[in-house]
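The structure appears right after this line, and notes come after that.
Numbering (the working numbering), first residue to last: 32 to 758.
This is how it looks when you write it as structure tokens:
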């Protein structure tokens with residue numbers, strides 16, 4: 032320990048240099064100096080630790096530098112004083128965590144204990160010294176490799192530019208060794224979250240066990256995305272040693288190649304590669320143009336030092352399998368649908384949907400401790416969704432994903448978090464198990480609540496009848512005590528049933544809509560579609576499927592007349608009306624207005640009551656219809672768009688990814704509405720359950736052609752396109 036006078040001097044020096052410094056910071060720094068001077072080597076060690084802390088309290092860098100020098104000199108003198116308490120200074124720090132991971136045999140082998148002097152007698156041993164040294168070297172190498180792996184796993188960072196549309200929230204870990212041996216479970220109790228004055232969670236508990244994959248489900252507008260953002264920004268107390276990565280928006284395009292954008296996500300690997308290049312450059316300079324003022328001995332020593340550092344870097348790169356990184360990045364890009372010839376294209380050449388996939392690819396490549404995904408399947412086609420399912424099933428750390436795709440959650444999730452009524456409920460198993468258990472819980476709660484209410488009423492009736500009767504008063508008093516001790520049960524939630532309703536159109540005689548030998552291409556490039564022949568009727572229920580970029584959206588635009596064919600004929604009935612739901616429908620909304628105001632702008636001539644009634648047909652009720660559109664969730668904005676489409680009284684609904692952002696109840700409502708709709712439906716979707724529920728015909732877009740699929744279900748199509756697994 033350091034003398035009180037020295038500590039007092041240190042405290043006085045700090046306060047003189049930084050008059051406004053917080054007392055807690057002074058106590059912390061002085062406490063550090065009190066406990067650690069005997070294990071620091073020289074002035075630099077003290078300065079390296081306390082300088083960043085003091086810089087946080089003052090912006091005067093020169094003043095802080097001088098203060099650190101004074102403190103270092105003060106405690107350097109303390110270290111030079113002879114020890115008076117009989118304790119010996121350790122030659123080097125002891126890492127207790129590492130020592131615990133070494134076997135007892137190895138500890139004996141590496142210790143300085145004189146075995147011959149144990150218990151005051153000679154101890155005979157038949158240990159082969161060479162074998163023991165070999166075993167010791169193996170154990171040491173294992174421990175070092177484990178430490179390097181820990182350092183690597185703790186340093187998965189992604190740089191975040193505040194002005195960048197690509198928003199991938201991550202919290203860097205500065206001390207890479209700090210995560211070693213630490214539990215990476217997340218357990219946060221009794222926290223509240225609100226947004227815009229509205230309560231999202233109240234007195235909630237969040238538990239995420241490391242290695243589990245959680246699906247977060249709940250109604251549109253309940254606050255699921257807000258919860259993810261709160262976690263990623265550490266606005267609730269997530270342990271600092273857990274690295275978090277949140278994929279929310281697409282990355283901004285620039286001149287960087289797609290594969291390099293993925294590789295650069297691993298900042299620790301990039302750091303090691305930069306170190307390798309720097310060391311090689313220094314070694315090359317020493318060999319080609321050595322300093323004439325340096326003698327041969329110093330030159331050799333410097334070369335040896337640089338080569339030793341380079342060897343260490345090579346070992347670290349080998350530990351993280353850096354040589355396999357590019358192949359792994361390419362596999363992720365290919366799995367997400369990027370053709371191999373596009374891997375080296377500049378990111379700015381990709382559309383927003385593809386840049387969203389790049390953001391997802393970077394996250395998968397980086398492998399943080401806690402990965403947060405918000406509707407990751409929205410921008411993916413069916414093959415990419417299938418690949419992502421298989422990839423995430425092998426995810427080594429914790430996953431929390433918001434999704435309304437039941438098939439996806441059934442494949443990926445090990446647990447379900449149900450967000451509702453400002454709380455989180457936990458269910459073991461995938462979505463199908465959650466759905467069954469949720470209904471069972473609801474029924475049990477209903478029975479328990481009704482049973483208790485009957486019992487309460489029975490007690491209350493007895494009390495009311497006999498409390499003033501002299502003979503029965505003691506019994507009535509006893510019933511009062513029983514009634515007071517009964518736990519208070521919340522009444523079962525009244526589930527709000529979402530319904531969608533499209534108006535049925537007036538009948539039309541065929542032909543309704545027909546494509547004859549239609550081909551299309553843009554001004555530059557090859558044909559996107561060639562010789563397409565299709566017919567659509569008022570009872571058609573058609574799903575258009577195929578890889579991204581195969582022309583699905585182009586086909587829909589040709590049907591509606593947004594695009595005109597380069598050759599061939601599109602025949603439309605003279606009175607045919609379309610309603611086209613676009614994948615990026617939010618771009619069509621005026622976010623500064625309310626849903627009612629927006630509908631009045633787009634479809635004038637109706638009363639506010641009619642607009643609100645139409646919004647009510649799609650679950651936008653009460654004051655929600657008067658809120659600003661920018662405050663609504665993605666699913667609520669989709670409902671507003673559907674309500675607008677309904678005002679057109681269409682004969683044919685053309686829907687491009689209509690289930691994106693809708694919650695499961697809304698998807699069910701949309702499914703039922705489309706089944707009841709008396710007009711035609713043509714849709715593009717990655718939601719297999721939705722396609723199977725609505726459509727009876729599948730068109731496959733691929734290679735510039737559009738053909739009717741011979742099978743009956745989307746599962747058959749999926750099996751056809753997925754690569755066959757090797758036995």
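Glycine included, C-beta positions come from ideal geometry on N, C-alpha and C.
In this text the structure is predicted, and so the values were computed from the model without any measurement.
Check: Helix, strand or coil: which one does DSSP assign to residue 246?
Finding: Along the chain shown, one-based indexing puts residue 246 at 215. In this structure, residue 246 counts as strand in the three-state DSSP scheme.
Next item on the list: Please classify residue 517: is it buried, with 16 or more other beta-carbons within 10 angstroms of its beta-carbon, or exposed?
Entry: For the purposes of this step, residue 517 is taken as the residue at position 486 of the chain shown. Answer is exposed; the Cβ neighbour count stays below 16.
Margin query: If you follow the alpha helix (DSSP H) that residue 609 is in, where does it begin and where does it stop?
Written below: The count along the chain shown starts at 1 and reaches residue 609 at position 578. Taken as a continuous stretch (DSSP letters only), residue 609 belongs to no alpha helix (DSSP H), being part of the beta strand (DSSP E) at 609-612.
Item checked: Neighbour-count burial assignment, residue 199, 16 or more Cβ in a 10 Å radius -> Along the chain shown, one-based indexing puts residue 199 at 168. Low local confidence applies: a pLDDT of 35 at residue 199 is under 50, so the model's placement there is unreliable, with the coordinate-based value given in what follows. If you draw a 10 Å sphere on the C-beta of residue 199, you find 16 or more other C-beta atoms in it, and that means buried.
Margin query: Between which two residues does the beta strand (DSSP E) holding residue 458 run?
Written below: Position 427 of the chain shown, counted from the start, is the residue given in the question as residue 458. It spans 454-459 - the beta strand (DSSP E) in which residue 458 sits, taken as one unbroken run.
Next item on the list: Could you spell out where the beta strand (DSSP E) holding residue 685 opens and where it closes?
Entry: Within the chain shown, residue 685 is the residue found at index 654, counting from 1. Run containing residue 685: 683-687, per the beta strand (DSSP E) assignment.
Notebook entry, point to check: What is the DSSP secondary structure of residue 131, reduced to helix, strand or coil?
Noted result: The count along the chain shown starts at 1 and reaches residue 131 at position 100. Only weak support exists for where residue 131 lies, its pLDDT of 43 falling under 50; the coordinates are left without a value.
Checklist line | Straight-line gap, residue 451 to residue 261 (C-alpha atoms, nearest Å) | finding: For the purposes of this step, residue 451 is taken as the residue at position 420 of the chain shown. For the purposes of this step, residue 261 is taken as the residue at position 230 of the chain shown. Inter-residue distance for residue 451 and residue 261 is about 17 Å (C-alpha atoms, whole angstroms).
Margin query: With a threshold of 6 Å on Cβ separation, who are the neighbours of residue 226 within its own chain once the five nearest residues in sequence on each side are excluded?
Written below: By 1-based counting over the chain shown, the position of residue 226 is 195. Correct list, in chain order: 257.
Margin query: Can you confirm whether residue 408, when its beta carbon is compared against all beta carbons of chain B, has any partner nearer than 8 Å?
Written below: The structure shown contains no chain B; it is built from a single protein chain.
Notebook entry, point to check: Rounded to whole angstroms, how far is the Cβ of residue 677 from the Cβ of residue 465, which I believe are closer than 8 Å?
Noted result: Residue mapping note: residue 677 aligns to position 646 of the chain shown, counting from 1. Residue mapping note: residue 465 aligns to position 434 of the chain shown, counting from 1. With a Cβ gap of about 32 Å, residue 677 and residue 465 do not count as contacting.
Notebook entry, point to check: From the DSSP output, which residues share a beta bridge with residue 720?
Noted result: Within the chain shown, residue 720 is the residue found at index 689, counting from 1. According to DSSP, residue 720 bridges with nothing at all.
Next item on the list: Alpha carbon to alpha carbon, how far is residue 64 from residue 70? Give it in angstroms, no decimals.
Entry: Counted from its first residue, the chain shown places residue 70 at position 39. Counted from its first residue, the chain shown places residue 64 at position 33. Confidence at residue 70 is low in this model, with a pLDDT of 40, below 50, so its placement is unreliable and the value that follows should be read with caution. Their Cα atoms are separated by approximately 10 Å.
Next item on the list: For residue 651, count neighbouring C-beta atoms within 10 Å of its own C-beta (all shown protein chains included) and say buried if the count is 16 or more, exposed if not.
Entry: Indexing the chain shown from 1 puts residue 651 at position 620. By the 10 Å Cβ count, residue 651 comes out buried.
Item checked: Inter-stretch contact (C-beta, 8 Å, three-pair minimum) for the region 232-243 and the region 682-696 -> The region 232-243 is not in contact with the region 682-696.
Notebook entry, point to check: Anyone know if the C-beta pair for residue 428 and residue 551 falls short of 8 Å?
Noted result: Within the chain shown, numbered from 1, the residue matching residue 428 stands at position 397. Within the chain shown, numbered from 1, the residue matching residue 551 stands at position 520. With respect to the 8 Å criterion, residue 428 and residue 551 are not classified as neighbours on the basis of their beta carbons.
Notebook entry, point to check: Using 8 Å as the threshold, is the region 440-455 in touch with the region 407-424, meaning 3 or more CB pairs across them?
Noted result: Yes: at least three Cβ pairs fall under 8 Å.
Item checked: Where residue 519 falls, given that 16 or more other Cβ within 10 Å makes a residue buried -> Within the chain shown, numbered from 1, the residue matching residue 519 stands at position 488. Result: exposed.
Check: By DSSP, does residue 738 sit in helix, in strand, or in coil?
Finding: Within the chain shown, the letter at position 707 stands for residue 738. Residue state, collapsed to three classes: strand.
Checklist line | Residue span of the beta strand (DSSP E) that contains residue 732, given as start and end | finding: Position 701 of the chain shown, counted from the first residue, corresponds to residue 732. If you look at residue 732, you'll find it in the beta strand (DSSP E) that goes 728-733.
Check: Where in the region 234-304 do unbroken runs of the alpha helix (DSSP H), each at least 4 residues long, occur, reported from the N-terminal end onward?
Finding: Runs found: 255-263, 289-294.
Item checked: Sub-8 Å separation of residue 403 and residue 219 beta-carbons -> Mapped onto the chain shown, residue 403 falls at position 372. Mapped onto the chain shown, residue 219 falls at position 188. Not closer than 8 Å, so no.
Item checked: Segment contact flag, the region 363-383 with the region 710-720, C-beta cutoff 8 Å, min 3 pairs -> In short, these stretches do not touch, since the Cβ pair count stays below three.
Item checked: Close-in-space but distant-in-sequence residues of the same chain around residue 751 (CB under 7 Å, 5 per side omitted) -> The sequence position of residue 751 within the chain shown is 720, counting from 1. Around residue 751: no qualifying Cβ.
Check: Quick one: Cα of residue 512 to Cα of residue 498, how far?
Finding: Counted from its first residue, the chain shown places residue 512 at position 481. Counted from its first residue, the chain shown places residue 498 at position 467. Whole-angstrom Cα-Cα distance: 12 Å.
Next item on the list: With DSSP as the reference, please indicate the residues paired to residue 575 in a beta bridge.
Entry: As a first step, residue 575 must be located in the chain shown, where it is residue number 544. In DSSP, residue 575 forms a bridge with 730.
Next item on the list: Kindly indicate which residue of 658, 604, 590 has the alpha-carbon position closest to the one of residue 623.
Entry: Your numbering for residue 623 matches position 592 in the chain shown. Closest in C-alpha terms to residue 623, from the list 658, 604, 590, comes 658.
Notebook entry, point to check: Looking only at DSSP bridge pairs, what is residue 600 linked to?
Noted result: Mapped onto the chain shown, residue 600 falls at position 569. Answer by DSSP bridge pairing, in chain order: 547.
Check: Taking just the CA atoms, how far does residue 303 sit from residue 350?
Finding: On the chain shown, residue 350 is found 319 positions in, with the first residue counted as 1. On the chain shown, residue 303 is found 272 positions in, with the first residue counted as 1. Answer to the nearest angstrom: the Cα atoms are 12 Å apart.
Check: Looking at the structure shown, is residue 527 part of a helix, part of a strand, or coil, going by DSSP?
Finding: The count along the chain shown starts at 1 and reaches residue 527 at position 496. Coil.
Notebook entry, point to check: Roughly how many angstroms separate the alpha carbons of residue 58 and residue 353, rounded to a whole number?
Noted result: Position 27 of the chain shown, counted from the first residue, corresponds to residue 58. Position 322 of the chain shown, counted from the first residue, corresponds to residue 353. C-alpha separation (whole angstroms): 44 Å.
Margin query: Taking 8 Å as the limit between beta carbons, can you name the residues of its chain near residue 742, skipping five residues before and five after?
Written below: Within the chain shown, residue 742 is the residue found at index 711, counting from 1. So the qualifying residues of the chain are 729, 748, 751.
Margin query: DSSP has residue 405 in a bridge; who is on the other side?
Written below: Working through the chain shown from its first residue, we reach residue 405 at position 374. In the DSSP secondary-structure assignment, residue 405 is bridged to 433.
Margin query: Along the chain, where does the beta strand (DSSP E) containing residue 711 start, and where does it finish?
Written below: Within the chain shown, numbered from 1, the residue matching residue 711 stands at position 680. Element bounds for residue 711: 711-715.
Notebook entry, point to check: Three-state secondary structure (DSSP) at residue 371?
Noted result: Translated into the one-based positions of the chain shown, residue 371 becomes position 340. Correct three-state label for residue 371: helix.
Check: Quick one: Cα of residue 204 to Cα of residue 214, how far?
Finding: The residue given as residue 204 occupies position 173 in the chain shown. The residue given as residue 214 occupies position 183 in the chain shown. Here the model assigns residue 204 a pLDDT of 40, short of 50, so the residue's position is not dependable and the matter cannot be decided.
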